[in-house]
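Have a look at the structure below before the remarks.
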Amino acid sequence: MREFRYYELDRRDVPTGWFIDRPQTLKVTHGQLWVTVEGEGGDIWLRAGESLELQPYSTIWVSAAEEGGRFSMASVSAPRKHWVERVIAWFARRPSATRVMAS
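Structure follows, in structure tokens:
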């Protein structure tokens, strides 16, 4: 089964964040959207009719270039992973960083 959800952004230039828990497709149905995928370089601008494939265990930020920007999110229904598997996958995708202590 395939699941579709439809969204409308009521204010322009106000980013909204989503955690993507399974492969999904974001498709713009009206207006122009600005999408940022955390951990990836550069932002993505999409116009009506354009789409973006989203990978699981990522966080995205979406904002509209004008009020009333609309888009759909589509995914294939899949069995939910146990919360431990989701936590492990989340940590696995995080970049490793070296902490620098200020003195």
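Residues 1 to 103 in UniProt numbering are what the sequence shown lists, from first letter to last.
Ideal Cβ positions, reconstructed from N, Cα and C, are used throughout, including at glycine.
One or two residues paired with glutamate 53 in a DSSP bridge: Per DSSP, Thr25.
Indicate the three-state DSSP secondary structure (helix, strand or coil) for arginine 11 in the structure shown. Here arginine 11 sits in coil by DSSP.
One question on the structure: do proline 56 and arginine 22 come within less than 8 Å of each other, judged by their Cβ atoms? Contact flag set, yes.
Does the distance from the C-beta atom of valine 28 to that of glutamate 50 stay below 8 Å? Yes. Within cutoff.
Proximity winner among Val87, Phe71, Ile88, Gly42, relative to leucine 33 (alpha-carbon distances): Checked all of Val87, Phe71, Ile88, Gly42; the closest Cα to leucine 33 is Phe71.
Assigned secondary structure, alanine 48 (DSSP; H/G/I helix, E/B strand, else coil): Shown here, alanine 48 sits in coil according to DSSP, grouped into three states, outside any helix or strand.
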